[in-house]
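Engineer: Shown below is the structure under consideration.
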Amino acid sequence: MARDGAVYACQSCGAVQTKWAGQCPACNAWNSLVEELQSRPPGALAPARGTSRAKGLAFEGLKDETPAPPRITTGVEEFDRVCGGGVVPGSAILLGGDPGVGKSTLLMQVAAEAARRGARCAYISGEEAVEQVRSRAQRMGLADAPVKLAAETALRTIVDGLKREPFDLVIIDSIQTLWSDAHEAGPGSVTQVRAAAGELVRLAKSRGVAIVLVGHVTKEGTIAGPRVIEHMVDAVLAFEGERGYPFRILRGAKNRFGATDEIGVFEMGDAGLREVRNPSALFLNTSGQRAAGAAVFAGIEGSRPVLVEFQALVAPSAYGTPRRAVVGWDSGRLAMVLAVLEARCGLSLGDRDVYLNVAGGLRITEPAADLAAAAALASSALDEALPQDCVVFGEISLSGEVRSVSRMDSRLKEAAKLGFRRALGPADMDGGNGMGAIGAGRLADAIARIGEARWD
Ligand code: TYD
Ligand code: MG
């Protein structure tokens, strides 16, 4: 009698029997019946058999030693830092950004610098011809770097090519131009983008080659955004920049091999992207007197302090509904700060237009910027400039308190290095280093100081 769930399939003709026999009743082949398990209801697990029992689930302790993954340092330090200290072999990275922000430029520099350091690099473009890529590289002074170029969009050809030749780092520009003949959908469709990414990620893992995929982010949604493959890759980096500003910020959005709050700062010039090693003073307007409505925020981006100017304009509203416009900061956060200014400090801005701008095209996400925004708004509304040598930071609660923030010492040290002498911030901040700490327990205290120009 056959065991429950077990059947016997002939390896010669495929006929299935419920009982074992020495000869297949269907094709008369001898010794061809082998026990197989029938498909069972969903959720039922097959009993362990033969070799699968020997390879059971192996548990390990949390504190067991794991060697740190090896890294390819590309030589573009800002890029390496955002990746967590270089690119991990066998990993897949997605670099997203608006068209024209400089993704191709950045990755050509990364490939060229890595190749100069001995890594075997390939740059596969589905958007530009080899001549275009080459002439851009020449303009950027990278013509001597031993990077292998190809212009190709057929996934099969790319995968076959990468299997034939060993590489350490491969750039695919872009994932939306690839097409796989296994799917009928057009290039750039969700199906194609997923299929191409899946195949390339598998290739990266099996060959130990690091692959960087470029993904265009489009607001129109005409091509599938890189979001659909974010879960497949090991790291997602975003390349950002405001139109009209030369600065470009590389930000980690996901990273299995490093922190995600690091940023890399670049400046776009005639010969490609220049790395900005010390960005703290980059977003600061150092020329001239600080006007009413400006406050310098001492922020932290990733591991580095960055000083940036918040500019506010509060003006009488010409229309029934006052305008609220914000660039470089969260509009929800602005609404909250305005509400707290009104409810806890008696500063009524409800019927006035409010504009808030973060200078230099940087996007600030830290809650520590609340007080800087509030100070800039109050300074504009009260028409009283903050002292030239004063930085501001602190988180504001709905009850109107100024809360303590992380790494206050680093913020103060950086501000002192750049010539600032005063800091308006949470009450528990310590001065020192020639910095005068102006603690404000409540937002109302800080606003009163601004209104009365009380700074000693
Ligand atoms: P690109 O890298 O092609 O953008 P993406 O790949 O993200 O679409 O960069 C395009 C822009 O960068 C283009 O507007 C020109 C500018 N650029 C420079 O200003 N200097 C340079 O050296 C290069 C190569 C590009
Ligand atoms: Mg490009």
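Numbering of the sequence shown is given in the numbering used here, commencing with residue 377 and proceeding in unit increments.
For glycine and all other residues, C-beta sits at the position ideal for the given N, C-alpha and C.
Taking GLY617 as the reference, give the member of PRO475, GLY584, ILE547 with the closest Cα.
Structural biologist: The residue labelled residue 617 in the question sits at position 241 within the sequence shown. For GLY617, the nearest C-alpha among the options comes from PRO475.
Engineer: Using the rule of at least 16 other Cβ atoms within 10 Å of the residue's Cβ for burial, across every protein chain shown, is LEU438 buried or exposed?
Structural biologist: For the purposes of this step, residue 438 is identified with residue 62 of the sequence shown, where counting begins at 1. So LEU438 ends up on the exposed side.
Engineer: List the whole-angstrom C-beta distance separating PHE686 from ALA757, where the pair is believed to meet the contact cut-off of C-beta under 8 Å.
Structural biologist: Position 310 of the sequence shown holds residue 686. Position 381 of the sequence shown holds residue 757. 14 Å between Cβ atoms; not a contact.
Engineer: Quick one: grab the DSSP three-state call for PHE796.
Structural biologist: Counting from 1 along the sequence shown, the entry for residue 796 is found at position 420. In this structure, PHE796 counts as coil in the three-state DSSP scheme.
Engineer: If you count every other CB in all the chains shown that lies within 10 Å of the CB of TRP555, and 16 or more means buried, which is it?
Structural biologist: Position 179 of the sequence shown, counted from the first residue, corresponds to residue 555. When all chains shown are included, TRP555 counts as buried.
Engineer: If you follow the alpha helix (DSSP H) that VAL781 is part of, which residue opens it and which one closes it?
Structural biologist: For the purposes of this step, residue 781 is taken as the residue at position 405 of the sequence shown. Note, VAL781: premise wrong, no alpha helix (DSSP H); not H, not E.
Engineer: Determine the DSSP secondary structure at GLU771, reduced to helix, strand or coil.
Structural biologist: Position 395 of the sequence shown, counted from the first residue, corresponds to residue 771. Correct three-state label for GLU771: strand.
Engineer: Say yes only if the C-beta of THR553 is nearer than 7 Å to one or more non-hydrogen atoms of the ligand TYD, and no if none qualify.
Structural biologist: Indexing the sequence shown from 1 puts residue 553 at position 177. No, Cβ of THR553 sits at least 7 Å from all heavy atoms of the ligand TYD.
Engineer: Check whether the Cβ of LYS479 lies closer than 7 Å to any heavy atom of the ligand MG, and answer yes or no.
Structural biologist: Taking the sequence shown and counting its residues from 1, one reaches residue 479 at position 103. Yes, the beta carbon of LYS479 sits closer than 7 Å to at least one heavy atom of the ligand MG.
Engineer: Given 7 Å as the limit, tell me if ASP549 has its C-beta closer than that to any heavy atom belonging to the ligand MG.
Structural biologist: The sequence position of residue 549 within the sequence shown is 173, counting from 1. ASP549: yes, Cβ under 7 Å from the ligand MG.
Engineer: Can you tell me the Cα-Cα spacing of VAL577 and ARG512, whole angstroms?
Structural biologist: Mapped onto the sequence shown, residue 577 falls at position 201. Mapped onto the sequence shown, residue 512 falls at position 136. Spanning the two alpha carbons is a distance of roughly 28 Å.
Engineer: Return helix, strand or coil for ILE676, following the three-state DSSP convention.
Structural biologist: What you label residue 676 is simply residue 300 of the sequence shown in a count that begins at 1. Correct three-state label for ILE676: strand.
Engineer: Hey, is the stretch 462-476 in contact with the stretch 642-655, meaning 3+ C-beta pairs nearer than 8 Å?
Structural biologist: Short answer: they don't touch.
Engineer: Per the contact definition of three or more C-beta pairs closer than 8 Å, is the stretch 625-642 in contact with the stretch 447-465?
Structural biologist: Verdict: yes, contact present.
Engineer: Buried or exposed for SER705, please, with buried defined as at least 16 other CB atoms from any protein chain shown within 10 angstroms of its CB.
Structural biologist: Against the sequence shown, residue 705 aligns to sequence position 329. First, the amino acid is wrong: residue 705 is Trp here, not Ser. The residue is buried, with at least 16 neighbouring Cβ atoms inside 10 Å.
Engineer: If you drop the 5 nearest sequence neighbours on each side, which residues of the same chain put their C-beta closer than 6 Å to that of ARG497?
Structural biologist: For this step, residue 497 is matched to residue 121 along the sequence shown. Going by the sequence as given, residue 497 is Cys instead of Arg. Closer than 6 Å at the Cβ level, and outside the excluded window around CYS497, lie ALA487, ALA490, ALA491, VAL523, LEU545.
Engineer: Put GLN514 into one of helix, strand or coil per three-state DSSP.
Structural biologist: Working through the sequence shown from its first residue, we reach residue 514 at position 138. Helix, per DSSP.
Engineer: Per DSSP, what are the beta-bridge partners of GLU651 in this structure?
Structural biologist: Position 275 of the sequence shown, counted from the start, is the residue given in the question as residue 651. PHE642, per the DSSP bridge assignment.
Engineer: Could you spell out where the alpha helix (DSSP H) holding GLY708 opens and where it closes?
Structural biologist: For the purposes of this step, residue 708 is identified with residue 332 of the sequence shown, where counting begins at 1. It spans 707-721 - the alpha helix (DSSP H) in which GLY708 sits, taken as one unbroken run.
Engineer: Would a check of beta-carbon distances place THR449 closer than 8 Å to chain B?
Structural biologist: Given the protein chain composition of this structure (a single chain), no chain B is represented.
Engineer: Does the beta-carbon distance from ALA822 to ALA829 come in below 8 Å?
Structural biologist: Mapped onto the sequence shown, residue 822 falls at position 446. Mapped onto the sequence shown, residue 829 falls at position 453. Contact flag unset, no.
Engineer: Please confirm whether ASP765 and ARG797 have their CB atoms less than 8 Å apart.
Structural biologist: Here residue 765 refers to the residue found at position 389 when the sequence shown is read from its first residue. Here residue 797 refers to the residue found at position 421 when the sequence shown is read from its first residue. In contact: ASP765 and ARG797 (Cβ atoms closer than 8 Å).
Engineer: Quick one, which of PHE455, PRO401, ALA391, LYS395 has its alpha-carbon nearest GLY634's?
Structural biologist: Locating residue 634 in the sequence shown gives position 258, where the first residue counts as 1. Measuring from the Cα of GLY634, the nearest candidate turns out to be PHE455.
Engineer: Consider the C-beta atom of GLU503 and the heavy atoms of the ligand MG; say whether any pair is separated by less than 7 Å.
Structural biologist: Locating residue 503 in the sequence shown gives position 127, where the first residue counts as 1. Correct: GLU503 has its Cβ closer than 7 Å to the ligand MG.
Engineer: Identify which residue in GLY737, ILE676, LEU819 has its Cα closest to the Cα of SER775.
Structural biologist: Along the sequence shown, read from residue 1 onward, the residue named residue 775 stands at position 399. Closest by alpha carbon: LEU819.
Engineer: Which same chain residues end up closer than 6 Å to VAL506 when comparing Cβ atoms and leaving out the 5 residues on each side of it in sequence?
Structural biologist: Counting from one through the sequence shown, the residue named residue 506 turns up at place 130. LEU525, ALA527.
Engineer: Tell me the start and end of each unbroken beta strand (DSSP E) in the stretch 449-497 that is at least 3 residues and wholly inside, in chain order.
Structural biologist: Entirely contained in the stretch 449-497, the beta strand (DSSP E) runs reaching 3 residues are, in chain order, 468-473.
Engineer: Taking its Cβ as the centre, do 16 or more other Cβ atoms sit within 10 Å of TYR499, making it buried, or is it exposed?
Structural biologist: Sequence index remark: in the sequence shown, residue 499 carries index 123 (1-based). Buried is the call here.
Engineer: Should PRO542 be labelled buried (16 or more other beta-carbon atoms within 10 Å of its own) or exposed?
Structural biologist: Numbered from its first residue, the sequence shown carries residue 542 at position 166. Per the 10 Å Cβ criterion, exposed.
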